[in-house]
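S.K.: One structure follows; several queries about it will come next.
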């Protein structure tokens, strides 16, 4: 074996192909045995992958149901999902395997079961008595399409209406069809020549269960007598029917129609409606019919003991209200309230005090399911205020553009965020408790706090408390308020590099310990925030502008990679001196008329009032260069101990000292390499105006003569003077690529765009920067999309006042490491294999004047010189993960001691170094859908599970792992899916999940009264078993529907068989179980007898075998 070749690989001096071909076995031989001392405790059995909970608004909702006794709400979606909500913190997600849309949901009230009807003509019975609901039975209709279902309270017979106009009856216990069918041609007039259309409504008369009201789409309503199997009355109307509702006394019902009218009918007067109402129609003076309106899609008719009934409806607005928002109309007596909604109404339900349809309903709230929201209206208070929604349904308030997940945060962090967030809450909500209050919370087995941060398209950032599988919004930050909003549309195309959402958040970098927050936005802007509990007014917003450039020429060669430090002029010590009083105007242009030195967004120049919470420390913007917009930022990192923020894009990298408000580093990617560039690319200036300089490690310095009068605007010239820098001049280069501009032609070829090397990973740390180092020092590790890792040394001044006066000196180390694929993540381990976290300061209130020495102590917990405990012989390990492979490199020797090719055919989308069970591992999510974990430092594969393929960019953009085996991603535009890869969490999950079903006594039935009992009247009951049972109605046609047993099993049957409906079933089940147990006991007894018999035989054989042998012969 040619060792010299491998040595070169380990030193990072050869090309990628050599690295790929070097075997990890040889590398491990090279590294020696010192690394084997690290004991790795994680094994494959510590890992298991499972979904935990889904948060957020159900995506594309289609159906709604409520159990008035259990107080549980169910929502079905167009993708076959089922979301169940109880009290705040009790939520559940289920999925129909077919993925067909849910068209209707029906609770078996107070039974712990739910029936779902799907667009693929299947019915499913769900058992809600287990923490993860399961399907007990399914029924697939073969010949007819399901359009409407109705399950009377305390009945086991479900009425199913179809597109053909027929009604079938299903036994919900056995999920079999009854032979009793109501055929459409029997229901309508025999003289009628046309088909009445699909069944749009079924309900039984509240006072007589033997009478069934059937609504057909064409406008015909039939009152069917179940016993005599014929129609009692037929009500015909010209307009199509959308919904029907009974008055609780069973003497009247109301229909909603496609022309925006409501018709109220007396049951015994079928010839014409008792009353016709057009709620939103303009009444014409000459007695003519009002103008037609939009269809009333649903109506509910609810009575109260004390006052007038409520008529609640959706739709029905007049056609001339173009652009008006969707409305819910509440008619109560003579008053009509029109409640505008933000989104279109999918469905609504009125919540009533009683589950009995034949009693005064006493409505107290309306739950309105909108396309993208869930609203609860309080009917008992004047003005119908809404309830404050306690569920985390506002994730999608503005589309989520990025996501970060933090486990095991400092304990004071959630209370601090909650206290500043509490001030942001809206007023005017209902004073009452949230009415959906069913279920019980699970047992909290996790003691650590978790925080999710979501970045949004409108520039807002939300902090969520995600502890113990719940989700609650803590605080919302609006980053866009620092910028001027364009008042007219003409202004926008001048500066925006994106057509819409110019404030969208792309990257979030957060330090939980110091609470420093840094964001990068789509308009190439970076904002640094500091957390404060005090309100401040910022007179002038601190701002920096940076030119990041990229071009290649083969004329010049780069200079050496060391940069002589230049002392910062005294102005640098005063933060105000670098703040421009007036920001560059959008009219700045170069001599040839191209836009130049202009940021994409305009920062406000008026004083900004900042509430307690996150307050602006500094705004950094990349500027246009010679008519080309800045490229979007691809990586970002902040370090609170060093007071530095660094960011990069496909042009290069910039580092800013946010304490002194100065640019420390501004380099094209190629210039980072110095003379070590493996691709032999060389930077140039397009107009041969390059100034002689060191490595060009900075932005425009004072006294710079900008060639060819490129910046004529006095404001931009002033800007260039403000950026006082500790290093020399950066040449004035052009940029040739704008991959994000949509309407501009770029002079760069697609090949050049592809080969552009972007900064893809940044990591501040304290480690060995060169092979010869004897002690660690602060540095920045930079990873690029071409698989290169470069190291930049940071020379920090002492803490305290000196930190604000002396410059931070930045210089490349010359260290270059290479991997296959773009670099995604870097981390460092100490000699014991423990993670070395980046240095940070602990949070303190910034506005309080404290002793400078105290400041210094707190700001610099990390010492630059080696501590006495850090022996020179001690080493560290760099863990580097790219899109294709992971490497562990020993420092300071820079030998690659372990290597793992993660994927050959796909690529890693997200890689994180995370802690689990007091150890650490590398967790990866690949584009082919695999989730993998590897031990550290040896990179042994521990888990490889096919989870889900990358179906869209949303998953790639939002997937993230965190400590303690947690991960999440945005499963739909409105929902976060959390999962765990920890065996321990999987085992504890059952306990942590809430219970949907609780034992609640069914309220008493309404009293019939003495006279009603004596003279008849009151509710008439019906023996449905006698009518619909097999003995009376015979068997249904086998070809009509097919029964499919569900995976719920015997546990599920136990759950569903309860209450009035299930007593017989439960008794049968008990007998079956008893018989089963007796049978099992008999089998066990027989097995024991057989075992005893065989044991005695063996004992006898042994005795015969050894009977005549001496002890020494055994």
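Numbering (the working numbering), first residue to last: 4 to 1117. Glycine included, every Cβ here is placed at the ideal spot set by N, Cα and C. Keep in mind it's a predicted model, so treat the numbers as computed, not measured.
1) Check whether the Cβ atoms of residue 538 and residue 614 lie closer than 7 angstroms to each other.
2) Report buried or exposed for residue 1099, applying the criterion of at least 16 other Cβ atoms within 10 angstroms of its Cβ.
3) Counting C-beta neighbours from all protein chains within 10 Å, is the total for residue 286 16 or more, i.e. buried, or is it exposed?
4) What are the partner residues of residue 777, as DSSP defines its beta bridges?
5) If we count the other Cβ atoms within 10 Å of its Cβ and call it buried at 16 or more, is residue 414 buried or exposed?
6) Note down the Cα distance separating residue 671 from residue 108, rounded to an integer number of angstroms.
7) Cβ atoms of residue 985 and residue 1092: under 7 angstroms apart, would you say?
8) Under 6 angstroms Cβ to Cβ from residue 970, same chain only, skipping five residues before and after it: list those, please.
9) Roughly how many whole angstroms lie between the Cα atoms of residue 621 and residue 541?
10) Classify residue 699 as buried or exposed, calling it buried when 16 or more other Cβ atoms lie within 10 Å of its own Cβ.
11) Whose C-beta lies closer than 7 angstroms to the C-beta of residue 267 among residues of the same chain, with five residues either side of it excluded?
12) Spatial neighbours of residue 886 within its chain, please: C-beta separation below 6 angstroms, excluding the five flanking residues on both sides.
13) Could you check where the beta strand (DSSP E) with residue 665 kicks off and where it finishes?
14) Could you round the C-beta distance between residue 242 and residue 261 to whole angstroms and report it? I think they count as a contact, below 8 angstroms.
15) Go through its chain and collect everything with a Cβ distance to residue 1097's Cβ below 7 angstroms, but skip five positions before and after it.
16) Helix, strand or coil, according to DSSP, for residue 544 in the structure here?
17) Among 354, 149, 458 and 663, which one has its Cα closest to the Cα of residue 957?
18) Considering Cα atoms alone, identify which of 488, 349 and 1049 is closest to residue 64.
19) Measuring alpha carbon to alpha carbon, tell me which residue in 880, 908, 779 and 917 is nearest residue 902.
20) Measuring CB atoms only, is the stretch 233-242 touching the stretch 201-213, in the sense that at least three cross pairs come out at less than 8 angstroms?
21) Let me make sure I understand the geometry here. Which of 534, 529 and 309 has the alpha-carbon closest to that of residue 547?
22) Using CA atoms only, rank isn't needed, just tell me which of 677, 656 and 676 is closest to residue 667.
23) What's the gap between the Cα of residue 374 and the Cα of residue 80?
24) According to DSSP, what are the bridge partners of residue 136?
25) Identify the continuous beta strand (DSSP E) that holds residue 238 and give its terminal residues.
26) For residue 849, name the three-state secondary structure that DSSP assigns.
27) Grouping DSSP H, G and I as helix and E and B as strand, with all else coil, what is residue 101?
28) CA-CA distance, residue 131 and residue 601?
29) Looking only at its chain, what residues have a beta carbon closer than 8 angstroms to the beta carbon of residue 67, apart from the 5 residues adjacent to it on each side?
30) Applying the 10 Å Cβ sphere with the 16-neighbour rule, what's the burial state of residue 446?
31) Going by other Cβ atoms of all chains shown within 10 Å of its Cβ, with 16 needed for buried, is residue 197 buried or exposed?
32) Report yes or no: do the stretch 297-304 and the stretch 335-343 share at least 3 C-beta pairs separated by less than 8 angstroms?
33) Look up residue 167 in the DSSP assignment and say whether it is helix, strand or coil.
34) Please report the residue range of the alpha helix (DSSP H) in which residue 910 lies.
35) Is residue 1043 near the ligand SAM - that is, is its Cβ less than 6 angstroms away from at least one heavy atom of it?
M.R.: With the structure as the only source:
1) By the CB criterion at 7 angstroms, residue 538 and residue 614 fall inside the cutoff.
2) Label assigned to residue 1099: exposed.
3) By the neighbour-count criterion, in which 16 or more other beta carbons inside 10 Å mark a residue as buried, residue 286 falls on the exposed side.
4) Here residue 777 is not bridged, per DSSP, to any residue.
5) Residue 414 comes out exposed.
6) Each residue's Cα considered, the two are about 60 angstroms apart.
7) No. Outside cutoff.
8) Around residue 970: 964 and 982.
9) Straight-line spacing of the CA atoms in residue 621 and residue 541 works out to 11 angstroms.
10) With a pLDDT of 32 at residue 699, under the threshold of 50, the modelled position of that residue is not reliable, and no figure is offered here.
11) Cβ within range, chain order: 255, 257, 276, 277 and 278.
12) Answer for residue 886: 824, 825, 910 and 911, listed in chain order.
13) Looking at the DSSP string, the run of the beta strand (DSSP E) that includes residue 665 is 665-671.
14) About 5 angstroms separates the two Cβ atoms, so the contact holds.
15) For residue 1097, there are no CB contacts under 7 angstroms within the same chain when 5 residues up- and downstream are skipped.
16) If DSSP states are grouped into helix, strand and coil, residue 544 belongs with coil.
17) Ranked by Cα distance from residue 957, the options 354, 149, 458 and 663 are led by 458.
18) The candidate whose alpha carbon is nearest that of residue 64 is 349.
19) Closest by C-alpha distance to residue 902, out of 880, 908, 779 and 917, is 880.
20) They do not touch, by the three-pair rule.
21) Answer by Cα proximity: 529.
22) When only C-alpha atoms are compared, the closest one is 656.
23) Cα to Cα, residue 374 sits roughly 10 angstroms from residue 80.
24) According to DSSP, which records beta bridges pairwise, residue 136 is partnered with nothing at all.
25) For residue 238, the enclosing beta strand (DSSP E) covers residues 233-239.
26) DSSP, read as helix, strand or coil, puts residue 849 in coil.
27) Of the three classes helix, strand and coil, the one that applies to residue 101 here is coil, per DSSP.
28) Each residue's alpha carbon lies about 60 angstroms from the other.
29) Cβ neighbours of residue 67 within its own chain (closer than 8 angstroms, five residues either side excluded): 76, 77, 78, 79, 108, 349, 350, 351, 352, 370 and 372.
30) With fewer than 16 other Cβ atoms inside 10 Å of its own Cβ, residue 446 counts as exposed.
31) With fewer than 16 other CB atoms across the displayed protein chains lying within 10 angstroms of its CB, residue 197 is exposed.
32) Taking 8 angstroms as the limit for Cβ pairs, the verdict is that the stretch 335-343 does not touch the stretch 297-304.
33) Coil.
34) No residue range can be given for residue 910, since it is assigned to no alpha helix (DSSP H) and is classified by DSSP as neither H nor E.
35) The ligand SAM is absent from the structure shown, which contains no ligand whatsoever.
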